[in-house]
Ligand code: FES
């Protein structure tokens with residue numbers, strides 16, 4: 001612990017932003033109801049230019065950033081993606097494309113590979129074509145994803161698949177895993193929905209029951225054992241939702257600790273959801289990344305432990321979980337300083353218990369969900 005009472009990620013000497021996320025655009029051909037983009041994304045149609053992004057990469061690299069994720073929205077809608085990947089690779093970043101696969105072609109895979117892209121992750125909505133396409137809002141999405149997952153693998157990349165699970169597809173986890181094996185996947189992330197952005201809006205329709213989760217975890221464990229017995233290389237990663245935990249997650253490994261997110265318009269955030277907080281976050285168009293990371297108010301606001309009220313301040317676990325997620329505290333208690341209400345020590349923990357109870361008692365169907373698109377975003381903005 002630092003003499004000032006702060007952890008090593010202190011106002012004096014923050015550690016480098018090792019993981020840079022470039023949210024290149026909020027444009028996306030799909031409309032997943034669990035998208036983590038802000039629900040008011042239509043407010044912000046401006047995007048950094050190619051040159052501005054490359055300048056961000058240079059500054060981040062100088063600060064010590066090592067890994068760069070290209071995300072969105074759908075990053076493939078940026079016609080300059082290959083140029084951006086090339087620039088990032090030339091700077092020495094380990095690069096990762098996080099995509100729905102829609103907009104990808106065999107030729108584009110080859111171009112991205114030629115530019116040096118290290119890693120591609122393709123997300124699916126379900127193992128069932130009808131459910132997948134319904135959730136994605138595209139009749140062609142599933143077939144396209146299958147074709148592109150195969151193309152990525154054929155090009156020599158490991159096949160990395162991501163399935164966001166929720167109450168409408170988690171009972172089909174068997175089929176999801178079977179599809180992944182059939183596709184020869186190397187890594188599969190079975191990530192239960194996290195409730196930010198559009199997913200928070202649709203929480204009552206998406207949160208699985210505890211029974212669903214328990215079963216899904218058991219099925220996944222069974223498959224892990226089966227694959228291990230066959231020496232199968234596929235790794236299954238199961239991510240549980242924190243709504244069923246009693247202690248919060250160490251969100252972003254601590255605020256301003258290693259994660260730096262740049263939104264399409266250049267706003268710099270310590271996590272992908274922080275834009276909703278009542279904090280004026282800096283923009284790369286007006287400030288250097290060095291100032292943003294080391295000096296700005298927004299990035300220092302929740303660094304260390306001095307900001308913590310009780311019960312976090314005197315909690316023996318604060319150095320493990322940093323009080324949980326500031327965005328979740330804000331969304332669920334109205335004050336980002338509070339302990340994340342996932343924690344059973346939080347005086348607001350009942351909001352989590354109530355959400356679990358709702359999941360148990362009042363299942364909403366797919367028809368009740370608000371799909372993520374510009375029209376809906378504008379309606380939400382107008383209130
Ligand atoms: Fe913002 Fe957790 S998502 S701090």
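In UniProt numbering, the protein residues as written are 1 to 383. Glycine included, C-beta positions come from ideal geometry on N, C-alpha and C.
Hey, could you find the ends of the beta strand (DSSP E) residue i is sitting in?
{"i": "residue 330", "result": "Residue 330 -> not in any beta strand (DSSP E); alpha helix (DSSP H) instead, spanning 326-333."}
{"i": "residue 19", "result": "19-23"}
{"i": "residue 261", "result": "259-262"}
{"i": "residue 98", "result": "94-99"}
{"i": "residue 191", "result": "187-192"}
{"i": "residue 207", "result": "Per DSSP, residue 207 belongs to no beta strand (DSSP E) and is neither H nor E."}
Residues in its own chain within less than 8 Å of residue i by CB, not counting five upstream and five downstream?
{"i": "residue 29", "result": "74, 77, 100, 102, 103, 138"}
{"i": "residue 288", "result": "59"}
{"i": "residue 187", "result": "158, 159, 160, 161, 234, 235, 237"}
{"i": "residue 283", "result": "265, 266, 267, 268"}
{"i": "residue 183", "result": "146, 149, 150, 153, 159, 161"}
{"i": "residue 25", "result": "47, 72, 73, 74, 75, 77, 78, 264"}
{"i": "residue 61", "result": "91, 92, 93"}
Skipping 5 residues on each side, what residues in its chain have a beta carbon closer than 6 Å to that of residue i?
{"i": "residue 69", "result": "21, 96, 98"}
{"i": "residue 328", "result": "340"}
{"i": "residue 126", "result": "132, 169"}
{"i": "residue 173", "result": "216, 219"}
{"i": "residue 302", "result": "255, 326"}
{"i": "residue 374", "result": "42"}
{"i": "residue 319", "result": "none"}
{"i": "residue 277", "result": "330, 336"}
Taking residue i as part of the alpha helix (DSSP H), name the residues at either end of that continuous run.
{"i": "residue 358", "result": "350-361"}
{"i": "residue 144", "result": "141-154"}
{"i": "residue 197", "result": "197-201"}
{"i": "residue 377", "result": "374-382"}
{"i": "residue 179", "result": "173-182"}
{"i": "residue 109", "result": "106-115"}
{"i": "residue 301", "result": "Element bounds for residue 301: n/a, residue is neither H nor E."}
{"i": "residue 127", "result": "From DSSP, residue 127 is part of no alpha helix (DSSP H); its letter is neither H nor E."}
{"i": "residue 319", "result": "318-321"}
Residues in the same chain with beta-carbon distance under 7 Å from residue i, minus the five sequence neighbours each way, listed in chain order, please.
{"i": "residue 371", "result": "31, 33, 137"}
{"i": "residue 238", "result": "190, 217, 220"}
{"i": "residue 324", "result": "248, 249, 251, 339, 340, 342, 343"}
{"i": "residue 63", "result": "16, 17, 289, 290, 293"}
{"i": "residue 148", "result": "101, 104, 122"}
{"i": "residue 144", "result": "101, 102"}
{"i": "residue 224", "result": "236"}
{"i": "residue 87", "result": "54, 57"}
{"i": "residue 83", "result": "50"}
From the DSSP output, read off the bridge partner residues of residue i.
{"i": "residue 267", "result": "283"}
{"i": "residue 161", "result": "122, 188"}
{"i": "residue 371", "result": "BP columns for residue 371 are empty, so no partner."}
{"i": "residue 398", "result": "The displayed coordinates of the chain run from 1 to 383. Any statement about residue 398 would go beyond what the structure contains."}
Which residue's Cα is closest to the Cα of residue i: the options?
{"i": "residue 206", "options": "41, 42, 361", "result": "361"}
{"i": "residue 292", "options": "333, 266, 209", "result": "266"}
{"i": "residue 164", "options": "66, 316, 241", "result": "241"}
{"i": "residue 332", "options": "319, 350, 140, 318", "result": "350"}
{"i": "residue 330", "options": "196, 383, 235", "result": "196"}
{"i": "residue 85", "options": "284, 51, 26, 150", "result": "51"}
{"i": "residue 135", "options": "119, 199, 94, 155", "result": "199"}
{"i": "residue 353", "options": "264, 39, 244, 281", "result": "244"}
{"i": "residue 37", "options": "299, 275, 308", "result": "275"}
{"i": "residue 193", "options": "213, 177, 175", "result": "213"}
{"i": "residue 113", "options": "93, 128, 155", "result": "155"}
{"i": "residue 271", "options": "259, 279, 281", "result": "259"}
{"i": "residue 298", "options": "310, 359, 257", "result": "257"}
{"i": "residue 345", "options": "246, 309, 261, 379", "result": "246"}
{"i": "residue 124", "options": "180, 81, 82", "result": "180"}
{"i": "residue 210", "options": "355, 48, 369, 53", "result": "355"}
{"i": "residue 202", "options": "380, 369, 26", "result": "369"}
{"i": "residue 167", "options": "296, 90, 358, 87", "result": "358"}
{"i": "residue 65", "options": "128, 208, 93", "result": "93"}
{"i": "residue 308", "options": "115, 322, 208", "result": "322"}
{"i": "residue 91", "options": "116, 106, 208", "result": "116"}
{"i": "residue 367", "options": "204, 82, 118", "result": "204"}
{"i": "residue 378", "options": "312, 40, 227, 280", "result": "40"}
{"i": "residue 312", "options": "228, 347, 381", "result": "347"}
Closest Cβ-Cβ distance between residue i and chain C: below 8 Å?
{"i": "residue 110", "result": "Considering every chain present, this structure includes no chain C. It has just one protein chain."}
Task: Secondary structure, alpha helix (DSSP H): runs of 4+ residues fully inside the stretch 209-248 - done: 210-229
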